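Numbering (the numbering used here), first residue to last: -11 to 468.
Every residue gets a Cβ at the ideal spot worked out from N, C-alpha and C, and that includes glycine.
Remember, it's a predicted structure, so these values are computed and weren't measured experimentally.
Data block below; observations after.
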Amino acid sequence: MKRGTNKSKWILIVVSLMFFAIGAYFFTDSSEEKLAVSTDSKPMRKAKAVDLEEFPLQWREVDTFEQVNDFYEERIHGLSLAREKGLTVRPQESTPIPDKDGRMQINEVWHSGTTIHVLYSIDLSALTRKDSDDEETKYLVQPPSVESINIKSMNGSDQQSFQQHSQPLHPRDTVVFENRVYGLIQLPPITEKWGYNFDPHDIRDYDQEFLTSFSLRIDHRTIETKGMPIRYFHDKDGHVLQSYRTDEVYTDDLVTVEPTSVNIGVASSYVKMKIKAEGKEIGQSVHALIKTEEGSEHPVRLYLNETEEENVYEAWFQPPSEPLTEAVSLELGSLHIHDDTPYSFTVDMTQFKDHSNESVVLNEKVGEAYNTDIILEQVDSFSGTNMNLQLKYEPHEADQEEKLVGAQLAPMNSLQEEREKFVEVVTNEGETTEANIWGHDNRGDIHFQSPALRNAKEITVTVNKMVNAHKLGHTFDLNN
-11 MKRGTNKSKW
-1 ILIVVSLMFF
9 AIGAYFFTDS
19 SEEKLAVSTD
29 SKPMRKAKAV
39 DLEEFPLQWR
49 EVDTFEQVND
59 FYEERIHGLS
69 LAREKGLTVR
79 PQESTPIPDK
89 DGRMQINEVW
99 HSGTTIHVLY
109 SIDLSALTRK
119 DSDDEETKYL
129 VQPPSVESIN
139 IKSMNGSDQQ
149 SFQQHSQPLH
159 PRDTVVFENR
169 VYGLIQLPPI
179 TEKWGYNFDP
189 HDIRDYDQEF
199 LTSFSLRIDH
209 RTIETKGMPI
219 RYFHDKDGHV
229 LQSYRTDEVY
239 TDDLVTVEPT
249 SVNIGVASSY
259 VKMKIKAEGK
269 EIGQSVHALI
279 KTEEGSEHPV
289 RLYLNETEEE
299 NVYEAWFQPP
309 SEPLTEAVSL
319 ELGSLHIHDD
329 TPYSFTVDMT
339 QFKDHSNESV
349 VLNEKVGEAY
359 NTDIILEQVD
369 SFSGTNMNLQ
379 LKYEPHEADQ
389 EEKLVGAQLA
399 PMNSLQEERE
409 KFVEVVTNEG
419 ETTEANIWGH
429 DNRGDIHFQS
439 PALRNAKEIT
449 VTVNKMVNAH
459 KLGHTFDLNN
């Protein structure tokens, strides 16, 4: 696997999204200690009563604050355990929403390491038109949204801002309890260049207070709140549940694999391993299973990232949902190996007419490699200038030692504009455009766009690199 051009940039695999809305006001005895959460906590300040039935927005209302906690724990993996271990912080601050009859509150913050989860609320009374007595125009029709979150150090020397596309407080992502709407926003950890491109090795113990403000979009207006002093706290060791090691080494005619450590955490886990493949380029993915003595199995997809050590990789994954015993095993199913052998196929463009949006199911065999048929399953054309090709890989036998698979060829730890393109598309008139191929298991997708597609009668697609899943099938016994 080749190094990215900027090794300090990692793109989180898990796509982080923003969800919005919330409500509740908490007090704690000491902001310097780890703060545990009680699921029967109640808001300390009553929000102004609002008739929820009058809102055109059909928010889901719950009857107890315990249901609010359940709502969060269903959406945030590991939150329940983080609360039990005292890894979350519950601020004491709220702020009025300017020109609105209500307040916004940050109720809980969990800095899990790779993600900061901010649980916050907005009074429903702030989502009405303050100057309207007309019941038909008093209530919002469009959901409010959060435009950005701004974090500034208490002494004013440092300021960061995180922005995404505006996301509404949609009823499916929120709940209402006692005149507040509850939701959450998920952010990458605070780093020098705040964003989703960061190195997990930079995550450290963290305990700092920042003034935190929001830009809200309510009734077609952007409203800036005042900054609230919010504590951002991360205990790196406190997030580790189990650490395992093994002395075993797996070797076959092609590869040598040696797991050196496995860490299971509250929010994220990782495997560190040495991998050698003489004369071959190692891919980015390993299929694996974590097994317990009780017989339970937890499938994990390990995405390999190079470290500073030669032939040593780390792979991060979401922890199993249930606690693990002292003795577990790690089964490595297959390892992706890159092959620079290209394959090509053609697509008849005359079947797409009038530059409209069309999909054509083909199911045509266009190539073969590693005893695997390459099937062009479907072609989608959008407005005559955008195309998507869906590939399917069908191995000749179910349990082959090697087979062609779909995979992302561009390094995960790179920005989109830096990624090398591995697909070339040439029209019958000689116009060329580049594309990349994405996929997993038996699927592959190629997407590209070019004005030259409008006049093309045929295109030739060449994939300049393929991925072979090399079977390992070995189980390592792990002990802590």
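Just mark N467 as buried or exposed, buried being the case when its beta carbon has 16 or more other beta carbons within 10 Å.
Exposed: under 16 other Cβ atoms inside 10 Å.
Given a threshold of 16 other Cβ atoms within 10 Å of its Cβ, counted over all protein chains shown, does V237 qualify as buried or as exposed?
exposed
Using only the alpha-carbon positions, how far apart do V134 and T421 sit?
38 Å
State the DSSP-derived secondary structure class of H158, mapped to helix, strand or coil.
coil
By how many angstroms is the C-alpha of D89 removed from the C-alpha of E282?
56 Å
Taking L40 and L115 to be in contact with their CB atoms under 8 Å, please state how far apart those CB atoms are, rounded to whole angstroms.
Not a contact, Cβ separation roughly 11 Å.
Can you look up H227 in the DSSP assignment and give me helix, strand or coil?
helix
Can you give the Cα-Cα distance for L320 and A398, rounded to whole angstroms?
L320 and A398: Cα-Cα distance of roughly 23 Å.
Test item: CB-CB of A444 and M375 under 8 Å:
no
Can you tell me which of the three DSSP states N443 falls into?
helix
Residue-level contact to chain D via CB, L392, 8 Å cutoff:
Given the protein chain composition of this structure (a single chain), no chain D is represented.
Element boundaries [alpha helix (DSSP H), containing L67]
L67 to E72
If you compare alpha carbons, which of V245, D361 and Y232 is closest to A315?
For the residues V245, D361 and Y232, the minimum Cα distance to A315 belongs to Y232.
Could you say which of E346, I178 and H222 lies nearest to W98 if we only look at CA atoms?
H222
Within 7 Å: the Cβ of V163 and any heavy atom of the ligand SAH?
No copy of the ligand SAH appears in this structure; indeed no ligand is present at all.
Might you give, ordered along the chain, the residues of its own chain that have their beta carbon closer than 6 Å to the beta carbon of V77, omitting 5 neighbours on each side?
L23, V97, R219 and F221
Separation of V354 from N57, as counted between CA atoms
52 Å
How many angstroms separate the CA atom of Q378 from the CA atom of R209?
42 Å
Excluding the five sequence neighbours on either side, which residues of its own chain have a C-beta within less than 6 Å of the C-beta of T415, listed in chain order?
Cβ neighbours of T415 beyond the five flanking positions: A440, A444 and I447.
Three-pair Cβ contact test at 8 Å for the stretch 249 to 263 versus the stretch 290 to 307:
yes
Please report the distance separating the alpha-carbon of D361 from that of V455.
13 Å
Minimum length 3: unbroken beta strand (DSSP E) runs contained in the stretch 298 to 370:
300 to 305, 315 to 327, 331 to 336, 346 to 357 and 360 to 370
Let me confirm a value: E473 is counted as buried when at least 16 other C-beta atoms fall within 10 Å, else exposed. Which label applies?
Residue 473 cannot be examined here, being either before or after the span of the chain that is shown, -11 to 468.
Excluding the 5 residues flanking T313 on each side, which residues of the same chain have their C-beta closer than 8 Å to its C-beta?
T280, E281 and E282
Please report the distance separating the alpha-carbon of T103 from that of H384.
42 Å
One or two residues paired with L248 in a DSSP bridge
The sequence given here has Thr at residue 248, not Leu. Bridge partners of T248: none, in fact.
In the stretch 162 to 233, which residue ranges form an unbroken beta strand (DSSP E) of at least 3 residues, counting only runs that do not cross its ends?
With a minimum length of 3 residues, the continuous beta strand (DSSP E) runs that stay inside the stretch 162 to 233 are 163 to 165, 168 to 175, 194 to 206, 209 to 212, 216 to 222 and 228 to 232.
Please report the distance separating the alpha-carbon of V413 from that of I270.
26 Å
Looking at C-alpha atoms only, which residue of L69, S100, P132 and R117 is the closest neighbour of S109?
Checking every option, the nearest Cα to that of S109 belongs to P132.
By how many angstroms is the C-alpha of V169 removed from the C-alpha of P217?
Approximately 22 Å, taken between the alpha carbons.
Between the beta-carbon of P307 and the beta-carbon of S371, is there less than 8 Å?
no
Applying the 10 Å Cβ sphere with the 16-neighbour rule, what's the burial state of A395?
buried
Neighbourhood of T334 by C-beta distance below 6 Å, restricted to the same chain and skipping five residues each side:
Answer for T334: E446 and T448, listed in chain order.
Taking the C-alpha atoms as reference points, what is the distance between F53 and R63?
16 Å
For the putative contact between V250 and L69, defined by C-beta atoms under 8 Å, what is the C-beta separation to the nearest angstrom?
That pair is no contact at about 18 Å.
For A457, write down the residues that DSSP places opposite it in a beta bridge.
H324 and K391
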